[in-house]
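Engineer: From first to last, the protein sequence lines are chains A and B.
Start counting the first sequence at 17; every next residue gets the next number (the numbering used here).
Start counting the second sequence at 7; every next residue gets the next number (the numbering used here).
Would you mind keeping the following structure in view while I ask a few things?
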Amino acid sequence: MRFYLYEAYSLWRRDMLSFSRQKDRLIGYSFAPLFLLAFIGLGFKNQIYFPEMKNIDYLSFLTPGMVAMTLLTASNSTSFLMLWDREMGFLKEIMVTPSSRIGIILGRTASGVTVAIFQSFIILFGGIVMGSRFHRPEGMLISLIFMALIASAFIGLGLSLASFKKETYGFSLVLNFILYPFLFLSGALYPVDRLPSLVAPLSYYNPLTYGIDGLRYSLLGVSSFSPALDLGVMAASCLAMLGLGTYLFEKGEWD
Amino acid sequence: MGNPIISMKNLSKAYHGEKAVDNVNLEIDKGEFFGLLGPNGAGKSTVIKMLTTIIHPTEGTATIHGHDIIEERDAVRSCIGVVFQDSVLDRKLTGRENLDFHARLYGLRGDMRRERIEEVLELVELKDKADVLVERYSGGMQRRLAIARGLMHHPGVLFLDEPTLGLDAQSRRHIWKYVKELNLREDITIVLTTHYMEEADQLCERVAIIDRGRIVALDTPENLKGLIGADTIVMHIQSGGEILLQSLSFFPWIASSEVSNGKILLRVDDAQSRIPQVVIEACMNRAIVSHVGIIEPTLEDVFLKLTGRTLHECEDSGN
Chain A
17 MRFYLYEAYS LWRRDMLSFS RQKDRLIGYS FAPLFLLAFI GLGFKNQIYF
67 PEMKNIDYLS FLTPGMVAMT LLTASNSTSF LMLWDREMGF LKEIMVTPSS
117 RIGIILGRTA SGVTVAIFQS FIILFGGIVM GSRFHRPEGM LISLIFMALI
167 ASAFIGLGLS LASFKKETYG FSLVLNFILY PFLFLSGALY PVDRLPSLVA
217 PLSYYNPLTY GIDGLRYSLL GVSSFSPALD LGVMAASCLA MLGLGTYLFE
267 KGEWD
Chain B
7 MGNPIISMKN LSKAYHGEKA VDNVNLEIDK GEFFGLLGPN GAGKSTVIKM
57 LTTIIHPTEG TATIHGHDII EERDAVRSCI GVVFQDSVLD RKLTGRENLD
107 FHARLYGLRG DMRRERIEEV LELVELKDKA DVLVERYSGG MQRRLAIARG
157 LMHHPGVLFL DEPTLGLDAQ SRRHIWKYVK ELNLREDITI VLTTHYMEEA
207 DQLCERVAII DRGRIVALDT PENLKGLIGA DTIVMHIQSG GEILLQSLSF
257 FPWIASSEVS NGKILLRVDD AQSRIPQVVI EACMNRAIVS HVGIIEPTLE
307 DVFLKLTGRT LHECEDSGN
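What follows is the structure in structure tokens.
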């Protein structure tokens, strides 16, 4: 246990050093969700209310959804970076060390999560500047837990899928094709019971539904499920995805 | 044979049914400087990648330090160092940061890690460039840093996959010097792959020639060259060649002789000690000799003899 945490820390440290020397990457990924929040959230701010959500204004309602979108983007960028390392040949240099594969997965995930949370806070503060009203200040701290869990689970998924690929070419497209349904079937844009009845049941099998519900609980004080259920589902998906990633890294070839 | 530190048993790797490495059985002794020589695409790198646990054999296996490369991958990884053909460093980190990152992954802690980093930096003479970003390093410096990285955890075996590929002559000699010293001073077993004949000849105690995934010959460079047989003495003759050739034909130690384009070619063993006699013979026959030289057989000739192709032909057609 101690060993793989140390290895994870070493990887995280290297990523942070690399990032600190290319800061544009850090901020770049938050632009799309920030623009969506501004143009959709502000536009519908006073037009859309959901009675079951205590009539919270749409801008505030959408902010946790856009945070989730940012977290999924981080999943994409983290697995992209992993593939980039692979394409460049650096991953091979890591895989040839006796470092535990779980340490390698956790380290990569930790640096992805760090960046994701940083970007999420850009969205949160952007939301506050535009007029999102959050329930209570300490809610932001609770939301950190959900952010970390959502980001880890989807980074785990991204790394698992990336382990089958050898180059970055086309990977983002494929991953987005998988990530967007998670986002649209999660209640990021509106409560899931308003989804077309054909797909609505799917949203209950989507861990992100619970993740976003947990974010709304912590930030806005409203939720469709109990926060304990949100936490449980997210934690379980997180473990499952990181476990899958570790397994695939253990048995893969790294040529 | 001593006790082998690496032994490969029927090691094979197939890609889509085509065998890149075909039933390789090899034993490499502790402390040996061993070379795998062959053209690009012969399967050298594939052997290295299997031994370093990066890819899995389709059939057969190998042990390093008694650890199986399939069943005990972590143990194998702990006792080997690797410098891949396209060894990659993190360009956004400095030389020291690169070493620090890898040292951590090898489990080196605290002061031990810092001391070892200084040691290996010193070894490859990069101490004054240690805090410069790797993206500003030259190709030769990057390769040296990669070698330093491969040595950090005191590996018993160091794999060098084409360590001088793409480097200029000066950097190449530099690297030859380091690895030779490593082998002698630190008692590291070195397995080197190369398609440069000269490199294998200069550095390696034993060389396996590999072609199309199979080992076609295995011996010391001298013995391999012995397969070709004798040296050739080349004499450039201005006049009197025919008479000289006739009188030379009485020497029993000349295996064969021929004349072409004003040159006499004599196949002899130990050419250096025969030159005086040949020159005296030329004087006595009043032949005018403008130049005498020796052509020693090269591993290139050995490859040609064993496979019927030159290394360059393989590269043109193979890849």
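All C-beta atoms in this analysis are idealised placements derived from N, C-alpha and C, irrespective of residue type, glycine included.
Should Ile121 of chain A and Leu111 of chain B be called a contact, given that it needs their Cβ atoms to be closer than 8 Å?
Structural biologist: Translated into positions along the first sequence, residue 121 of chain A becomes position 105. Translated into positions along the second sequence, residue 111 of chain B becomes position 105. No; because the gap between Cβ atoms is not below 8 Å, this pair is not in contact.
Engineer: Rounded to the nearest angstrom, how far is the Cβ of Gly101 of chain B from that of Leu132 of chain B, given a contact under 8 Å?
Structural biologist: As a position in the second sequence, residue 101 of chain B is number 95, starting the count at 1. As a position in the second sequence, residue 132 of chain B is number 126, starting the count at 1. Right, the Cβ-Cβ distance comes to about 6 Å (below 8 Å), so this counts as a contact.
Engineer: I'd like the list of long-range same chain contacts for Thr64 of chain B, defined as Cβ closer than 6 Å, with 5 residues on each side in sequence excluded.
Structural biologist: Position 58 of the second sequence, counted from the first residue, corresponds to residue 64 of chain B. Closer than 6 Å at Cβ, skipping near neighbours: Ser18, Lys19 and Ala20.
Engineer: Can you find a C-beta in chain B that's less than 8 Å from the C-beta of Gly105 of chain A?
Structural biologist: Counting from one through the first sequence, the residue named residue 105 of chain A turns up at place 89. Answer yes: the Cβ-Cβ gap between Gly105 of chain A and chain B drops below 8 Å somewhere.
Engineer: Out of A:Tyr25, A:Ser202 and A:Ser168, which one is the CA nearest neighbour of Ser116 of chain A?
Structural biologist: Against the first sequence, residue 116 of chain A aligns to sequence position 100. Nearest option by C-alpha distance: A:Tyr25.
Engineer: Mind pulling the alpha helix (DSSP H) runs of 4 or more residues that sit fully within the stretch 173-250 of chain B?
Structural biologist: Qualifying alpha helix (DSSP H) stretches, in chain order: 175-191, 203-209 and 227-234.
Engineer: In terms of residue numbering, what span does the beta strand (DSSP E) encompassing Thr69 of chain B cover?
Structural biologist: Start at 1 with the first residue of the second sequence, and residue 69 of chain B comes out as number 63. Unbroken beta strand (DSSP E) run through Thr69 of chain B: Glu65 to Ile70.
Engineer: Rounded to the nearest angstrom, how far is the Cβ of Ile196 of chain B from that of Leu166 of chain B, given a contact under 8 Å?
Structural biologist: Position 190 of the second sequence, counting from 1, holds the residue named residue 196 of chain B. Position 160 of the second sequence, counting from 1, holds the residue named residue 166 of chain B. Sure, about 6 Å apart at Cβ, within 8 Å.
Engineer: May I ask you to report which of helix, strand or coil DSSP gives Leu201 of chain A?
Structural biologist: Position 185 of the first sequence, counted from the start, is the residue given in the question as residue 201 of chain A. It is coil, neither helix nor strand.
Engineer: Determine, using beta carbons only, whether Glu333 of chain B comes closer than 8 Å to chain A.
Structural biologist: Residue 333 of chain B lies beyond the range of chain B shown here (7 to 325); nothing can be said about it.
Engineer: So if DSSP puts Glu264 of chain B in a beta bridge, which residue, or which two residues, is it bridged to?
Structural biologist: Locating residue 264 of chain B in the second sequence gives position 258, where the first residue counts as 1. According to DSSP, which records beta bridges pairwise, Glu264 of chain B is partnered with B:Leu271.
Engineer: Pull out every residue of the stretch 32-63 of chain A whose Cβ sits closer than 8 Å to any Cβ of chain B, in chain order.
Structural biologist: Answer in chain order: Leu33, Ser34, Arg37 and Gln38.
Engineer: Assuming Asn92 of chain A contacts Gly227 of chain A under a Cβ cut-off of 8 Å, what Cβ separation, rounded to an integer in Å, is found between them?
Structural biologist: What you label residue 92 of chain A is simply residue 76 of the first sequence in a count that begins at 1. What you label residue 227 of chain A is simply residue 211 of the first sequence in a count that begins at 1. The Cβ separation is near 16 Å, so there is no contact.
Engineer: If I follow the unbroken alpha helix (DSSP H) through Gly314 of chain B, where does it start and stop?
Structural biologist: Against the second sequence, residue 314 of chain B aligns to sequence position 308. No alpha helix (DSSP H) holds Gly314 of chain B; DSSP gives it neither H nor E.
Engineer: For Thr262 of chain A, which three-state DSSP category applies?
Structural biologist: The residue you call residue 262 of chain A lines up with position 246 of the first sequence. Helix.
Engineer: For Pro49 of chain A versus Met98 of chain A, is the C-beta distance shorter than 8 Å?
Structural biologist: As a first step, residue 49 of chain A must be located in the first sequence, where it is residue number 33. As a first step, residue 98 of chain A must be located in the first sequence, where it is residue number 82. Taking 8 Å as the Cβ cut-off, Pro49 of chain A and Met98 of chain A do not qualify as a contacting pair.
Engineer: Any idea what DSSP makes of Gly142 of chain A, helix, strand or coil?
Structural biologist: Working through the first sequence from its first residue, we reach residue 142 of chain A at position 126. Reduced to three states, the DSSP call for Gly142 of chain A is helix.
Engineer: Restricting to runs no shorter than 4 residues, where is the alpha helix (DSSP H) found entirely within the stretch 109-190 of chain A?
Structural biologist: With a minimum length of 4 residues, the continuous alpha helix (DSSP H) runs that stay inside the stretch 109-190 of chain A are 117-146 and 155-178.
Engineer: For Asp271 of chain A, would you say it is in contact with chain B, using Cβ-to-Cβ distances shorter than 8 Å as the test?
Structural biologist: Position 255 of the first sequence, counted from the first residue, corresponds to residue 271 of chain A. Yes, Asp271 of chain A lies at the interface with chain B (some Cβ there is under 8 Å from its Cβ).
Engineer: Quick one: which chain A residues come within Cβ less than 8 Å of His108 of chain B?
Structural biologist: Locating residue 108 of chain B in the second sequence gives position 102, where the first residue counts as 1. Ordered by position in chain A, the residues that pass the 8 Å Cβ test against His108 of chain B are Glu109 and Thr113.
Engineer: Any beta carbon from chain D within less than 8 Å of Ser127 of chain A's own beta carbon?
Structural biologist: In the displayed structure, chain D is absent; the protein chains listed are A and B.
Engineer: Among B:Phe256, B:Glu205 and B:Ser93, whose alpha-carbon lies nearest the alpha-carbon of Phe40 of chain B?
Structural biologist: For the purposes of this step, residue 40 of chain B is identified with residue 34 of the second sequence, where counting begins at 1. Phe40 of chain B has its Cα closest to that of B:Glu205, out of B:Phe256, B:Glu205 and B:Ser93.
Engineer: CA-CA distance, Val265 of chain B and Leu233 of chain B?
Structural biologist: Along the second sequence, read from residue 1 onward, the residue named residue 265 of chain B stands at position 259. Along the second sequence, read from residue 1 onward, the residue named residue 233 of chain B stands at position 227. Near 24 Å, if we compare the C-alpha coordinates of Leu233 of chain B and Val265 of chain B.
Engineer: At which residues does the alpha helix (DSSP H) containing His297 of chain B begin and terminate?
Structural biologist: Start at 1 with the first residue of the second sequence, and residue 297 of chain B comes out as number 291. From DSSP, His297 of chain B is part of no alpha helix (DSSP H) but of the beta strand (DSSP E) over Ile294 to Ile301.
Engineer: Looking only at its own chain, which residues have a Cβ that is under 6 Å from the Cβ of Gly203 of chain A, when we skip the five neighbours before and after it?
Structural biologist: Sequence index remark: in the first sequence, residue 203 of chain A carries index 187 (1-based). Closer than 6 Å at Cβ, skipping near neighbours: Thr225 and Ile228.
Engineer: Closest to Ile64 of chain A by C-alpha separation, out of A:Phe180, A:Val249, A:Pro207 and A:Ala244, would be which residue?
Structural biologist: In the first sequence, counting from the first residue as 1, residue 64 of chain A sits at position 48. Looking at the Cα atoms, A:Pro207 is the closest of the given residues.
Engineer: Who are the neighbours of Val88 of chain B on chain A, taking C-beta pairs under 7 Å?
Structural biologist: Locating residue 88 of chain B in the second sequence gives position 82, counting from the first residue. The contacting residues are Val112.
Engineer: Taking a cut of 8 Å between CB atoms, which residues from the stretch 159-175 of chain B lie near chain A?
Structural biologist: Cβ contacts with chain A: none found.
Engineer: For Ser13 of chain B, tell me which candidate among B:His22, B:Arg212 and B:Asp35 has the shortest Cα-Cα distance.
Structural biologist: Numbered from its first residue, the second sequence carries residue 13 of chain B at position 7. Measuring from the Cα of Ser13 of chain B, the nearest candidate turns out to be B:Asp35.
Engineer: Determine which residues share a DSSP beta bridge with Met14 of chain B and list them.
Structural biologist: For the purposes of this step, residue 14 of chain B is identified with residue 8 of the second sequence, where counting begins at 1. Answer is B:Leu32 and B:Ala68, bridged to Met14 of chain B.
Engineer: Which whole runs of the alpha helix (DSSP H) in the stretch 28-62 of chain A are 4 residues long or more, in chain order?
Structural biologist: Correct list: 40-44 and 47-52.
Engineer: Return the chain-ordered ranges of every alpha helix (DSSP H) run that is complete within the stretch 214-252 of chain A and spans a minimum of 4 residues.
Structural biologist: Listed in chain order, the complete alpha helix (DSSP H) runs (minimum 4 residues) inside the stretch 214-252 of chain A are 216-219 and 223-236.
Engineer: DSSP state of Gly44 of chain B, grouped into three classes?
Structural biologist: One-based indexing of the second sequence puts residue 44 of chain B at position 38. Here Gly44 of chain B sits in coil by DSSP.
Engineer: How close, in whole Å, do the beta carbons of Ser253 of chain A and Pro223 of chain A come, if the pair is a contact with beta carbons under 8 Å?
Structural biologist: On the first sequence, residue 253 of chain A is found 237 positions in, with the first residue counted as 1. On the first sequence, residue 223 of chain A is found 207 positions in, with the first residue counted as 1. Contact holds; Cβ gap of about 4 Å.
Engineer: In terms of alpha-carbon separation, which member of B:Thr199, B:Arg218, B:Gly219 and B:Arg220 lies closest to Cys210 of chain B?
Structural biologist: Working through the second sequence from its first residue, we reach residue 210 of chain B at position 204. Of the candidates B:Thr199, B:Arg218, B:Gly219 and B:Arg220, the one whose C-alpha sits nearest the C-alpha of Cys210 of chain B is B:Thr199.
Engineer: Can you tell me which of the three DSSP states Ala136 of chain B falls into?
Structural biologist: Within the second sequence, residue 136 of chain B is the residue found at index 130, counting from 1. Residue state, collapsed to three classes: coil.
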